[in-house]
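Student: Okay, here's the structure, questions in a sec.
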Amino acid sequence: SYKAVILIGGPQKGTRFRPLSLEQPKPLFPIAGFPTIQHHIEQLCSKVEGLREILLIGFYQPSEIISFVSQAQRDYSVNIRYLQEFTALGTAGGIYHFRDQILFGRPTAVFIINADVCGDLPLDEMVAFRGTKPEASCIVLTTEATREQSVHYGCVVVDADSNEVMHYVEKPTTFVSTNISCGIYLVTVDLFEQLSSAFDKRSQLALHNDGDSMEPIEAIWFEADIFPNMASTGRFFALHTTRWWSQIKTAAAAVYANRHYLRLYHETHPQRLSKQTDDGPTIVGDVYIHPSATVDASAKIGPNVSIGKTVIVGPGVRLKESIVLEGAVLQDHSCVMHSIIGWNSVVGQWARVEGTPIGPNPNMPFAKLENKPLFKPDGRLNPALTILGCNVQIPRETIVLNSIVLPHKELSGNYKNQIIL
Ligand code: GDD
Numbered sequence: 003s004y005k006a007v008i009l010i011g012g013p014q015k016g017t018r019f020r021p022l023s024l025e026q027p028k029p030l031f032p033i034a035g036f037p038t039i040q041h042h043i044e045q046l047c048s049k050v051e052g053l054r055e056i057l058l059i060g061f062y063q064p065s066e067i068i069s070f071v072s073q074a075q076r077d078y079s080v081n082i083r084y085l086q087e088f089t090a091l092g093t094a095g096g097i098y099h100f101r102d103q104i105l106f107g108r109p110t111a112v113f114i115i116n117a118d119v120c121g122d123l124p125l126d127e128m129v130a131f132r133g134t135k136p137e138a139s140c141i142v143l144t145t146e147a148t149r150e151q152s153v154h155y156g157c158v159v160v161d162a163d164s165n166e167v168m169h170y171v172e173k174p175t176t177f178v179s180t181n182i183s184c185g186i187y188l189v190t191v192d193l194f195e196q197l198s199s200a201f202d203k204r205s206q207l208a209l210h211n212d213g214d215s216m217e218p219i220e221a222i223w224f225e226a227d228i229f230p231n232m233a234s235t236g237r238f239f240a241l242h243t244t245r246w247w248s249q250i251k252t253a254a255a256a257v258y259a260n261r262h263y264l265r266l267y268h269e270t271h272p273q274r275l276s277k278q279t280d281d282g283p284t285i286v287g288d289v290y291i292h293p294s295a296t297v298d299a300s301a302k303i304g305p306n307v308s309i310g311k312t313v314i315v316g317p318g319v320r321l322k323e324s325i326v327l328e329g330a331v332l333q334d335h336s337c338v339m340h341s342i343i344g345w346n347s348v349v350g351q352w353a354r355v356e357g358t359p360i361g362p363n364p365n366m367p368f369a370k371l372e373n374k375p376l377f378k379p380d381g382r383l384n385p386a387l388t389i390l391g392c393n394v395q396i397p398r399e400t401i402v403l404n405s406i407v408l409p410h411k412e413l414s415g416n417y418k419n420q421i422i423l
């Protein structure tokens with residue numbers, strides 16, 4: 003049998019996801035109509051035979067996670083629980099701390115998934131691959147990146163014949179390999195022995211350095227404490243994928259992921275995609291509309307749009323390449339493109355909310371989406387999506403371009419390339 007851990011992190015992470023992470027933990031942000039980690043849960047449930055339990059590990063307050071967990075528990079036929087770290091324990095510290103619960107029932111192997119990645123994850127192939135490598139204590143999923151971008155990831159040098167990981171360097175300062183870690187692993191009970199030695203080593207160090215480290219001694223990182231040492235020991239292997247995979251570090255990446263998860267629905271959940279009907283709105287390409295949303299028949303929606311719960315889309319609205327969150331209202335003839343419209347925000351009549359199209363460089367094979375910082379070195383805003391935080395009011399006939407509007411703001415006048423506080 004199998005288990006899975008999803009590393010959801012905690013509140014001080016995900017600052018690049020503001021203002022959207024102010025309202026809700028980033029792992030619960032809806033993409034293609036469903037919370038980010040629900041896509042992981044669905045892929046685990048559909049691709050891993052014998053999956054017994056999914057453990058979400060992080061340091062959010064339980065109150066922020068619990069309603070998601072109880073809903074997911076009802077929707078999927080697998081046990082789902084949240085285990086809270088008492089403080090940030092790194093990527094492997096929580097797994098070590100909760101080892102008894104993870105290993106309870108003696109699972110054959112355990113998936114570990116970073117919550118902030120998305121993709122068409124070949125979890126079934128990882129299970130099959132493990133069958134051919136009985137000596138493996140860890141299998142890492144890898145993908146190809148450009149030389150330039152690879153250094154922002156865990157870089158993996160792999161033996162072409164055996165698929166063994168010979169060398170692992172996290173975010174190297176100079177080029178190491180275009181093979182990068184996807185932040186998805188399949189591990190066996192042996193790995194826990196290595197976590198245990200890493201923990202002992204840290205405790206020893208802490209005794210001698212009397213605590214000049216900011217981190218608790220219980221913090222352990224796969225990327226620094228485990229993987230570099232495990233390389234070349236005959237127990238660490240890589241499975242390469244060429245399917246779609248991306249990080250979700252920024253709001254722009256959420257809109258990019260939205261596009262891809264909608265496309266995957268053609269195979270996995272065709273019923274979630276809106277179909278053109280005689281008396282409904284014009285649907286272009288892939289669109290998800292929550293059943294409780296009201297969309298006027300004269301609106302034109304798509305491609306690549308997700309519309310959340312109880313959203314109202316008025317007559318003559320044009321909406322594309324965007325995510326509209328629960329409770330938002332797009333009034334008559336407004337136009338929204340390349341944007342995220344926050345919870346309960348209102349876009350007035352004839353208003354125009356527009357961002358800049360984003361995507362990986364199409365001329366560079368294997369390019370990933372850049373995690374661009376908000377500002378350029380000259381202090382101007384990098385062109386990006388337009389994002390409205392929750393409860394923002396855009397008056398009628400207003401234009402908002404490439405801007406970020408913080409929650410509860412009522413705009414007056416037009417804005418371009420600004421952060422509106
Ligand atoms: N539970 C818990 N506790 N989770 C954590 C903690 C923690 O203290 N710190 C980070 N995480 C979670 C994050 O929520 C995220 O899902 C994942 O661990 C990795 O986060 P980062 O530490 O920000 O690393 P990264 O995303 O820059 O790089 C990692 O992922 C890349 C792929 O996306 C590394 O594993 C890279 O090697 C890898 O290429």
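By the count of this note's numbering, the sequence shown reaches residue 423 at its end, each step adding exactly one. For each residue, glycine too, the CB sits at the ideal point set by N, CA and C.
In the DSSP assignment, find the beta strand (DSSP E) that holds Cys120 and state where it starts and stops.
Tutor: Taking the first residue of the sequence shown as 1, we reach residue 120 at position 118. Segment 119-121, the beta strand (DSSP E) holding Cys120.
Student: Of all the options Val349, Gly287, Gly329, which has the alpha carbon lying nearest to the alpha carbon of His268?
Tutor: In the sequence shown, the residue the question calls residue 268 occupies position 266. Closest option to His268, Cα to Cα, is Gly287.
Student: Assuming Leu387 and Ser341 are in contact, meaning their beta carbons sit under 8 Å apart, how far apart are those beta carbons, in whole angstroms?
Tutor: Here residue 387 refers to the residue found at position 385 of the sequence shown. Here residue 341 refers to the residue found at position 339 of the sequence shown. With a Cβ gap of about 6 Å, Leu387 and Ser341 count as contacting.
Student: Based on Cα-Cα distance, which residue from Phe177, Thr148, Val189, Ala138 lies nearest to Asn165?
Tutor: Start at 1 with the first residue of the sequence shown, and residue 165 comes out as number 163. Comparing Cα positions, the closest option is Ala138.
Student: Which whole-angstrom value describes the C-beta separation of Ser276 and Val289, a residue pair presumed to lie in contact below a C-beta threshold of 8 Å?
Tutor: Along the sequence shown, read from residue 1 onward, the residue named residue 276 stands at position 274. Along the sequence shown, read from residue 1 onward, the residue named residue 289 stands at position 287. That pair is a contact at about 4 Å.
Student: CA-CA distance, Phe177 and Glu87?
Tutor: The residue given as residue 177 occupies position 175 in the sequence shown. The residue given as residue 87 occupies position 85 in the sequence shown. Going from the Cα of Phe177 to the Cα of Glu87 covers about 34 Å.
Student: Three or more C-beta pairs under 8 Å: does that hold for the region 183-190 against the region 131-149?
Tutor: Yes, the region 183-190 is in contact with the region 131-149.
Student: Do Phe113 and Ala6 have their C-beta atoms closer together than 8 Å?
Tutor: Indexing the sequence shown from 1 puts residue 113 at position 111. Indexing the sequence shown from 1 puts residue 6 at position 4. The answer is yes: Cβ separation under 8 Å.
Student: If we call anything under 8 Å between Cβ atoms a contact, is Lys311 one with His292?
Tutor: The residue given as residue 311 occupies position 309 in the sequence shown. The residue given as residue 292 occupies position 290 in the sequence shown. Yes. Within cutoff.
Student: How is the beta strand (DSSP E) around Asn81 delimited, first residue to last?
Tutor: For the purposes of this step, residue 81 is identified with residue 79 of the sequence shown, where counting begins at 1. First-last of the beta strand (DSSP E) with Asn81: 81-86.
Student: Would DSSP call Arg54 helix, strand or coil?
Tutor: For this step, residue 54 is matched to residue 52 along the sequence shown. Strand.
Student: Would you mind stating whether Ala295 and Ile285 have Cβ atoms separated by less than 8 Å?
Tutor: Numbered from 1 along the sequence shown, position 293 holds the residue referred to as residue 295. Numbered from 1 along the sequence shown, position 283 holds the residue referred to as residue 285. Against a cut-off of 8 Å, the Cβ pair of Ile285 and Ala295 comes out as no contact.
Student: Does at least one heavy atom of the ligand GDD sit under 7 Å from the Cβ of Thr93?
Tutor: The count along the sequence shown starts at 1 and reaches residue 93 at position 91. It does: the Cβ of Thr93 is within 7 Å (strictly closer) of some heavy atom of the ligand GDD.
Student: Quick check on Val158: does DSSP put it in helix, strand or coil?
Tutor: As a working note, residue 158 is residue 156 in the sequence shown. It is a strand residue.
Student: Measuring CA to CA, which of Ser152, Gln351, Val394 is closest to Ser179?
Tutor: In the sequence shown, counting from the first residue as 1, residue 179 sits at position 177. The residue with the shortest Cα to Cα distance from Ser179 is Ser152.
Student: Can you tell me whether Ala130 is buried or exposed, with buried defined as 16 or more other CB within 10 angstroms of its CB?
Tutor: Indexing the sequence shown from 1 puts residue 130 at position 128. It counts as exposed.
Student: Counting pairs of Cβ atoms below 8 Å between the region 79-96 and the region 55-65, do you hit three or more?
Tutor: Judged by Cβ distances under 8 Å, the region 79-96 makes contact with the region 55-65, as three or more pairs qualify.
Student: Using a 10 Å radius around the Cβ and a threshold of 16 neighbouring Cβ atoms, would you call Asp126 buried or exposed?
Tutor: Counting from 1 along the sequence shown, the entry for residue 126 is found at position 124. Classification of Asp126: exposed, given that the 10 Å Cβ count is below 16.
Student: Does any heavy atom of the ligand GDD sit closer than 7 Å to the C-beta of Leu9?
Tutor: For the purposes of this step, residue 9 is taken as the residue at position 7 of the sequence shown. Yes, since a heavy atom of the ligand GDD falls inside the 7 Å radius drawn around the Cβ of Leu9.
Student: Are the region 155-162 and the region 63-71 touching by the rule of at least three beta carbon pairs closer than 8 Å?
Tutor: Result no; under three Cβ-Cβ pairs closer than 8 Å.
Student: Give the list of continuous beta strand (DSSP E) stretches no shorter than 3 residues that lie fully inside the region 380-418.
Tutor: As far as the region 380-418 is concerned, its whole beta strand (DSSP E) runs of at least 3 residues are 388-390, 401-403.
Student: Check the DSSP bridge columns for Gly60 and list the partner residues they point to.
Tutor: Here residue 60 refers to the residue found at position 58 of the sequence shown. Gly60 is bridged to Gly11, Gln86.
Student: Evaluate Glu356 with the Cβ neighbour count: other Cβ atoms within 10 Å of its Cβ, from every protein chain shown; 16 or more gives buried, anything less gives exposed.
Tutor: Residue numbering aside, residue 356 sits at position 354 when the sequence shown is read from its first letter. So Glu356 ends up on the buried side.
Student: Given Ile421, which residues of its chain have a CB within under 6 Å of its CB, disregarding the five upstream and five downstream residues?
Tutor: Mapped onto the sequence shown, residue 421 falls at position 419. Excluding sequence neighbours, Ile421 sits near Ile406.
Student: Which first and last residues belong to the beta strand (DSSP E) in which Leu327 is found?
Tutor: Sequence index remark: in the sequence shown, residue 327 carries index 325 (1-based). Premise fails: Leu327 is in no beta strand (DSSP E) and is neither H nor E.
Student: Between which two residues does the beta strand (DSSP E) harbouring Asn116 extend?
Tutor: Numbered from 1 along the sequence shown, position 114 holds the residue referred to as residue 116. Taken as a continuous stretch (DSSP letters only), the beta strand (DSSP E) holding Asn116 covers 111-116.
Student: I believe Pro367 touches Cys392 by the beta-carbon criterion, under 8 Å. Please report the beta-carbon distance rounded to the nearest angstrom.
Tutor: In the sequence shown, counting from the first residue as 1, residue 367 sits at position 365. In the sequence shown, counting from the first residue as 1, residue 392 sits at position 390. Incorrect: roughly 39 Å between the Cβ atoms, too far for contact.
Student: What number of angstroms, rounded off, separates the C-alpha of Tyr78 from the C-alpha of Ile43?
Tutor: Within the sequence shown, the letter at position 76 stands for residue 78. Within the sequence shown, the letter at position 41 stands for residue 43. Between Tyr78 and Ile43, the C-alpha separation is close to 8 Å.
Student: Our contact map puts Tyr263 next to Ile10 with C-beta atoms below 8 Å; I'd like the distance itself, whole angstroms only.
Tutor: To locate residue 263, count along the sequence shown from 1; it is residue 261. To locate residue 10, count along the sequence shown from 1; it is residue 8. Their Cβ separation, rounded to whole angstroms, is 18 Å, which puts Tyr263 and Ile10 out of contact at 8 Å.
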